[in-house]
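Okay, structure first, notes after.
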Amino acid sequence: MKLAVLFAGQGAQVKDMGLDFINLNSTLKTLAEEISKYLDFDFIHLLSDEEKINDTRYTQPLMIGVEILIYEYLKKMGLKPDGFTGFSLGEYAALYASGIYDIPSIMKLIDYRAQLMSEVSKTTQGKMAAILGLEDTLVDEVCKVISNETEIVVAANFNSSHQTVISGSEKAVLTAIEVLKEKGAKRALLLNVSGAFHSPYMKESGIKLRVFGNDFKRNPIQTPLYKNTDANRLKDEEVLDEIEKQIYSPVYFKQTIEQMVIDGYTHFLEIGPGSVLTSLVKKINPDLITFNVSKVEDIEKIKGVLWWF
Numbered sequence: 003m004k005l006a007v008l009f010a011g012q013g014a015q016v017k018d019m020g021l022d023f024i025n026l027n028s029t030l031k032t033l034a035e036e037i038s039k040y041l042d043f044d045f046i047h048l049l050s051d052e053e054k055i056n057d058t059r060y061t062q063p064l065m066i067g068v069e070i071l072i073y074e075y076l077k078k079m080g081l082k083p084d085g086f087t088g089f090s091l092g093e094y095a096a097l098y099a100s101g102i103y104d105i106p107s108i109m110k111l112i113d114y115r116a117q118l119m120s121e122v123s124k125t126t127q128g129k130m131a132a133i134l135g136l137e138d139t140l141v142d143e144v145c146k147v148i149s150n151e152t153e154i155v156v157a158a159n160f161n162s163s164h165q166t167v168i169s170g171s172e173k174a175v176l177t178a179i180e181v182l183k184e185k186g187a188k189r190a191l192l193l194n195v196s197g198a199f200h201s202p203y204m205k206e207s208g209i210k211l212r213v214f215g216n217d218f219k220r221n222p223i224q225t226p227l228y229k230n231t232d233a234n235r236l237k238d239e240e241v242l243d244e245i246e247k248q249i250y251s252p253v254y255f256k257q258t259i260e261q262m263v264i265d266g267y268t269h270f271l272e273i274g275p276g277s278v279l280t281s282l283v284k285k286i287n288p289d290l291i292t293f294n295v296s297k298v299e300d301i302e303k304i305k306g307v308l309w310w311f
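For the sequence shown, the residue numbers in the numbering used here are 3 to 311.
Rendered as structure tokens:
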């Protein structure tokens, strides 16, 4: 019996997220103020700004800051996970929680990542869409057939067997949607994101992020972390590779959960706004036990779980 912590990704953000934790005690307020020191904006203030909280440039550092706050509070309560993973953006909270980076480093890294992704989104007409009700392997095959040198679409997020997110140029994504519907997709939903994340259009940003990340001290991994890019456990020597490749590679979430189950994980705790990841976990394997903490009131639901591990 093992407990995994999952950190939520972009798209889960909501206005006022994390404020109930910040207002809970002086320790968390101080931690929030520390997080703000490493950003060029007021972290606490922007959590209430509905426009900024949905702007990639700010969403990413705000989400990671909130997830760190919640994780630190749960850790003081006795949370001792056996492993971590995060969905896309959420992997940065996992890089912190697993002991690789300290708060100054992880906040500067994610802030730079947000800047890079925001800049690409302004210069590239990228789209993402969720494809529901079709095997992920078929979605992947269709994307490969449609893509060419100038118009690219890829399977970007493998969420569950019948839920895959595609990403690429606007033209290629819209073409893929039509073909996938013809092949039996139940629904195709364009996502409210600002660019073609986890696609080759982000490759240059990944290279820049790696160079930037090379300046930060990396500590040995203290608790296992499962990678987005291939669902395997991250090794110390792979950290910079993961930081670079994760931004332009698919998120193999389904495969990650399947690998964690093979490795003995039975309980999954999602940290961050909402419960998207725990819902996906249940679709991947209904026998797994899931919990989520996004608000202070959720703590009561998991107190018993903390005593088991």
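Note that the Cβ used here is the ideal one computed from N, Cα and C, for glycine as well.
Unbroken alpha helix (DSSP H) run spanning residue i, endpoints
i	result
Val-213	205-215
Thr-139	138-148
Gly-88	First-last for Gly-88: 85-88, but that is the beta strand (DSSP E), not the alpha helix (DSSP H).
Arg-220	It is not in any alpha helix (DSSP H) - Arg-220 carries neither H nor E in the DSSP assignment.
Arg-115	105-125
Leu-21	21-24
Ser-201	Element bounds for Ser-201: n/a, residue is neither H nor E.
Lys-129	Premise fails: Lys-129 lies in the beta strand (DSSP E), 128-134, not in any alpha helix (DSSP H).
Phe-45	45-48
Val-175	172-184
Assigned exposure category for residue i - 16 Cβ within 10 Å defines buried
i	result
Ile-264	exposed
Gly-288	Inspection of the sequence shows that residue 288 is occupied by Pro rather than by Gly. Classification for Pro-288: exposed.
Gly-135	exposed
Arg-189	exposed
Gln-313	Residue 313 lies beyond the residue range present for the chain, which begins at 3 and ends at 311; the question has no answer from this structure.
Thr-231	buried
Lys-229	buried
Gln-224	exposed
Val-217	Here residue 217 turns out to be Asp, not Val, going by the sequence shown. So Asp-217 counts as exposed.
Pro-222	exposed
Gly-11	buried
Asp-138	buried
His-200	buried
Asn-27	exposed
Val-295	buried
Val-156	buried
Val-147	exposed
Whether residue i touches residue j by CB criterion (7 Å)
i	j	result
Gly-208	Glu-246	yes
Ala-158	Pro-252	yes
Ser-120	Thr-177	no
Thr-280	Thr-292	yes
Leu-91	Met-109	no
Ile-133	Ala-187	yes
Val-7	Phe-89	no
Ile-102	Arg-220	yes
Leu-33	Phe-23	no
Leu-49	Gly-13	no
Val-144	Leu-192	no
Glu-172	Lys-129	yes
Ser-123	Gly-197	yes
Leu-5	Phe-311	yes
Ile-259	Ile-286	yes
Minimum C-alpha distance to residue i - residue among the options
i	options	result
Val-195	Val-298, Lys-188, Glu-299, Ser-169	Ser-169
Phe-9	Ala-99, Thr-166, Lys-188	Ala-99
Asp-51	Ala-34, Asp-18, Lys-188, Glu-35	Asp-18
Lys-39	Thr-61, Ser-90, Gln-12, Pro-106	Pro-106
Val-16	Gln-62, Arg-115, Lys-31	Gln-62
Leu-81	Lys-237, Tyr-103, Ile-273	Ile-273
Ser-163	Gly-88, Lys-210, Gln-257	Gln-257
Gly-215	Ser-201, Pro-222, Asp-243, Thr-225	Asp-243
Gly-67	Leu-5, Glu-53, Phe-43	Phe-43
Gly-266	Leu-290, Lys-297, Thr-166	Leu-290
Ile-37	Ile-112, Thr-166, Asn-56	Ile-112
Glu-69	Leu-211, Ile-286, Phe-45	Phe-45
Phe-255	Ser-149, Glu-299, Val-167	Val-167
Tyr-250	Glu-299, Lys-183, Arg-212, Ser-277	Arg-212
Asp-238	Lys-210, Gln-261, Ile-259, Leu-97	Leu-97
Tyr-114	Tyr-60, Pro-275, Tyr-203	Tyr-60
Phe-160	Ala-131, Lys-205, Glu-180, Val-147	Ala-131
Met-3	Phe-270, Leu-282, Val-283	Phe-270
Ile-154	Tyr-203, Lys-124, Glu-184	Tyr-203
Ala-233	Glu-93, Ile-72, Glu-74	Glu-93
Glu-299	Ala-95, Gly-276, Ile-286, Trp-310	Gly-276
Gln-248	Glu-206, Ile-259, Leu-71	Glu-206
Val-278	Gln-165, Asn-25, Glu-240, Val-141	Gln-165
Host beta strand (DSSP E) of residue i (start-end)
i	result
Ala-6	4-9
Lys-82	Where Lys-82 is concerned, there is no enclosing beta strand (DSSP E), given that its DSSP letter is neither H nor E.
Leu-351	With the chain covering only 3 through 311, there is no way to say anything about residue 351.
Taking the runs of the beta strand (DSSP E) that are 3 residues or longer, which of them lie wholly in the region 214-295? 267-273, 291-295
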